[in-house]
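Undergrad: Shown below is the structure under consideration.
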Amino acid sequence: MTALDVVRAYQDAWTKRDFTTAAGYLAEDFVHVAPNARYDTVDGFLAMLTAFGGRIGSGWRPVAEFGDESSALIMYELFTKSGAPLPLTVDHFVVRDGKLVSETLVFDTASFAAALTR
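Just so we're on the same page, our numbering is the position in the sequence shown counted from 1, plus 753.
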């Protein structure tokens with residue numbers, strides 16, 4: 754599996770609320786960095802991801818994807834529970850031995866929060 758294959762499988766899992774499968778893609782030393790938070794433990798990150806997953810609709814739509822053997826960069830849309838698209842999100846992942854080691858997430862926090870309340 755390429756890094757992009759791992760990222761796609763992870764995205765498919767968590768956006769369908771299959772957090773057990775999603776967790777299987779995370780390395781023990783996984784680190785998540787976002788504009789509004791940082792998680793240095795898998796358990797802390799999964800707690801946040803599970804809560805967030807409950808606030809959005811199911812699935813995701815890739816807009817652009819690039820990757821090599823050890824990293825992937827994706828731009829994508831998530832959806833509200835009513836199916837409306839949320840503002841675009843960009844994610845950079847580092848992959849080692851088929852597991853996600855780090856995720857750096859970039860999005861407009863204000864427009865994303867506003868879209869979730871509509």
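Each residue gets a CB set at the ideal place from its N, CA and C atoms; glycine is no exception.
Using DSSP with H/G/I as helix, E/B as strand and the rest coil, what is residue 798?
TA: If DSSP states are grouped into helix, strand and coil, residue 798 belongs with the helices.
Undergrad: Using the beta-carbon count (16 or more within 10 Å), is residue 844 buried or exposed?
TA: Counting Cβ neighbours within 10 Å, residue 844 comes out buried, since at least 16 surround it.
Undergrad: At which residues does the beta strand (DSSP E) containing residue 844 begin and terminate?
TA: From DSSP, the beta strand (DSSP E) with residue 844 extends over 842-849.
Undergrad: Excluding five sequence neighbours on each side, which residues of the same chain lie with their C-beta closer than 7 Å to the C-beta of residue 821?
TA: Correct list, in chain order: 756.
Undergrad: Which residue comes first and which comes last in the beta strand (DSSP E) that contains residue 824?
TA: Unbroken beta strand (DSSP E) run through residue 824: 824-830.
Undergrad: According to the neighbour-count rule (16 or more other Cβ atoms, all chains shown, within 10 Å of its Cβ), is residue 768 buried or exposed?
TA: Residue 768 is buried by the Cβ-count criterion.
Undergrad: Going by the CB atoms, is the gap between residue 836 and residue 806 shorter than 8 Å?
TA: No. Outside cutoff.
Undergrad: Beta-carbon within less than 6 Å of residue 774's beta-carbon, same chain only, minus the 5 sequence neighbours each way: which residues are those?
TA: 766.
Undergrad: Residue range of the beta strand (DSSP E) that residue 791 falls in?
TA: Note, residue 791: beta strand (DSSP E), 790-792.
Undergrad: Have a look at the DSSP bridge pairing and note the partners of residue 787.
TA: Bridge partners of residue 787: 790.
Undergrad: Rounding to the nearest angstrom, what Cα-Cα distance links residue 848 and residue 772 in this structure?
TA: If you take the alpha carbons of residue 848 and residue 772, they lie about 18 Å apart.
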